[in-house]
Amino acid sequence: MARFTLPRDLYHGKGSLEMLKTLKGKRAILVLGGGSMKRFGFVDQVVSYLKEARIEVQLFENVEPDPSVETVMKGAEAMREFEPDWIIAMGGGSPIDAAKAMWAFYEYPETSFEDLITPFNFPELRQKAKFLAIPSTSGTATEVTAFSVITDYEKGIKYPLADFNITPDVAIVDPLLAETMPPKLTAHTGMDALTHAIEAYVSTLHTPFTDPLAIKAIQMVFDYLPASYDGDMEAREQMHYGQCLAGMAFSNALLGIVHSMAHKTGAAFSTGHIPHGCANAIYLPYVIKFNAKDAVTRYAEIARSVGLEGSDDHELVEKLCDKIDDYNVKLGIPKTLKAFGINEEEFKQKVSKISELAVGDACTGSNPRSITPSEMEKLFTCIYYGTEVNF
Numbered sequence: 001m002a003r004f005t006l007p008r009d010l011y012h013g014k015g016s017l018e019m020l021k022t023l024k025g026k027r028a029i030l031v032l033g034g035g036s037m038k039r040f041g042f043v044d045q046v047v048s049y050l051k052e053a054r055i056e057v058q059l060f061e062n063v064e065p066d067p068s069v070e071t072v073m074k075g076a077e078a079m080r081e082f083e084p085d086w087i088i089a090m091g092g093g094s095p096i097d098a099a100k101a102m103w104a105f106y107e108y109p110e111t112s113f114e115d116l117i118t119p120f121n122f123p124e125l126r127q128k129a130k131f132l133a134i135p136s137t138s139g140t141a142t143e144v145t146a147f148s149v150i151t152d153y154e155k156g157i158k159y160p161l162a163d164f165n166i167t168p169d170v171a172i173v174d175p176l177l178a179e180t181m182p183p184k185l186t187a188h189t190g191m192d193a194l195t196h197a198i199e200a201y202v203s204t205l206h207t208p209f210t211d212p213l214a215i216k217a218i219q220m221v222f223d224y225l226p227a228s229y230d231g232d233m234e235a236r237e238q239m240h241y242g243q244c245l246a247g248m249a250f251s252n253a254l255l256g257i258v259h260s261m262a263h264k265t266g267a268a269f270s271t272g273h274i275p276h277g278c279a280n281a282i283y284l285p286y287v288i289k290f291n292a293k294d295a296v297t298r299y300a301e302i303a304r305s306v307g308l309e310g311s312d313d314h315e316l317v318e319k320l321c322d323k324i325d326d327y328n329v330k331l332g333i334p335k336t337l338k339a340f341g342i343n344e345e346e347f348k349q350k351v352s353k354i355s356e357l358a359v360g361d362a363c364t365g366s367n368p369r370s371i372t373p374s375e376m377e378k379l380f381t382c383i384y385y386g387t388e389v390n391f
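Numbering (UniProt numbering), first residue to last: 1 to 391.
If you want it as structure tokens, here you go:
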């Protein structure tokens, strides 16, 4: 038996933040990131709408990029003091992901972080609050997913939390918020969305319910990402919707080793943090070539769906990888970890342990081709130096 879960309500279109005027409740905590939503006036707008709905509001601000275990615990404590019946998270993936984890600790103070990192092991939520998510970036799609990524900086590991309990009750996908993204963030989040959709389509858990969402999202990213990156706001709006479709697909079909690798390398190197979407973009063509041994037909279907032509499925896979490489060049994303700036000696010292952790990541189980730690190390080495994946 399979399951397909989405938010009960999704409001979309320019100005859809206005939905907050109709929200029913007493107290809402608004979880925010570093301040851009305040600078652009969206926080004032949200607070005004909630006041109109006669809801008392408290802010929890300054959730850092790649939110930490410590931030999650502070937010949960603030929630226990304020006792909201709505948790509203607005911004990029980080404040929304953090708020999802805070939600669990708010409702179950006695639980431990170690309990939650086991996939689909959350306690039953909605005992004290419901959850509403408002994304400002076009990539993570955490506003519609059963996932959250929290970083343990002491261990240098990103933990993907997974449970249908943390799928938001309401999502507001208002493209006006996405207009504030700078070009680099537009590039990274856009390629994150593409990776979500491609991995969902080839996942071992894909279904007739997730396939159409994944394919449409892939088409939309290829159609609109370059123009969105160049500042075309109509394209930016379509990317905001396309990334949401990708989220609907992967939340139910799950992901693969591109994400396993990104989770375990983002905070691993002292020579430079690798933004999640950037890591996905770098790894994706290499992983496609690795996975094609067992999933060539699925990748060829993706290639055909975006208008690529080839004499056989293998040529179509090559064309798909070439297309992704071309987009990375247009978006200023390097082709290798070496070009990104990761120190070679540090890479050699850490690659074995990182490979072991990546194989153990929650996303590895639904990858279309199984992988051993030694194969993962070979794959990482190909990505570091830019060598061909031929095993």
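The beta carbon of each residue, even a glycine, is placed where N, CA and C say it ideally should be.
Would you say the region 228-245 touches the region 267-276, given that touching needs at least three Cβ pairs under 8 Å? In short, these stretches do not touch, since the Cβ pair count stays below three.
Short check: CB of N280 to CB of M191, under 8 Å? yes
What is the C-beta distance between A28 and W103, in whole angstroms, given that I count them as a contact (C-beta under 8 Å)? At roughly 13 Å, the Cβ-Cβ gap does not stay under 8 Å, so A28 and W103 are not in contact.
Which same chain residues, not among the five before or five after R3, have their C-beta less than 8 Å away from its C-beta? F164, N252
Based on the DSSP secondary-structure assignment, which residues constitute the bridge partners of Q58? I29
From D169 to E344, what does the alpha carbon distance come to, in whole angstroms? Distance between the alpha carbons of D169 and E344 is about 45 Å.
In chain order, what residues of the same chain have a beta carbon less than 7 Å from the beta carbon of V69, not counting five sequence neighbours either side? F113, I150, D152
What whole-angstrom Cβ distance do A295 and L320 have, given they're in contact under 8 Å? That pair is no contact at about 12 Å.
Can you give me the Cβ contacts of A217 inside the same chain, cut-off strictly under 6 Å, excluding the 5 residues immediately before and after it? A197, G242, L245, A246
Integer Cβ distance of S260 from A193, believed to fall under 8 Å: Wrong, their Cβ atoms sit about 18 Å apart, outside the cutoff.
Is it true that the CB of K128 sits closer than 8 Å to the CB of K107? Per the sequence shown, the amino acid found at residue 107 is Glu instead of Lys. The answer is yes: Cβ separation under 8 Å.
S94 versus E64: straight-line alpha-carbon distance, rounded: Rounded to whole angstroms, S94 to E64 spans 7 Å at the Cα level.
If you drop the 5 nearest sequence neighbours on each side, which residues of the same chain put their C-beta closer than 8 Å to that of P368? V202, S203, T204, G256, N291, D294, A295, R298
Measuring straight from C-alpha to C-alpha, what distance separates Q238 and G34? Approximately 25 Å, taken between the alpha carbons.
Measure the C-alpha to C-alpha separation of K212 and M220 and round it to an integer number of angstroms. The question names Lys, but residue 212 is Pro in the sequence shown. Cα to Cα, P212 sits roughly 12 Å from M220.
What do you get for Y385, buried or exposed, if any count of 16 or more other CB atoms within 10 angstroms of its CB means buried? exposed
G91 burial status per 10 Å Cβ neighbour count (16 or more: buried): G91 is classed as buried because its beta carbon has at least 16 other beta carbons within 10 Å across all chains shown.
Every unbroken beta strand (DSSP E) within the region 105-166, with a cutoff of 3 residues, ordered by chain: 130-135, 147-152, 157-162
Is it buried or exposed for G15, if we count other Cβ within 10 angstroms and need 16 for buried? exposed
Could you tell me the distance, in whole angstroms, from the CA atom of A146 to the CA atom of P7? A146 and P7 have their alpha carbons spaced roughly 10 Å apart.
Beta-bridge pairing of Y12 - partner residues as DSSP gives them: Rather than Tyr, the amino acid found at residue 12 in this sequence is His. DSSP, once it has assigned bridges, lists V173 as partnering H12.
Helix, strand or coil, according to DSSP, for A2 in the structure here? coil
Residue from T387, E388, K350 with nearest C-alpha to P373: K350
Please identify the residue among A262, V173, T271 whose C-alpha is closest to the C-alpha of Y159. Checked all of A262, V173, T271; the closest Cα to Y159 is A262.
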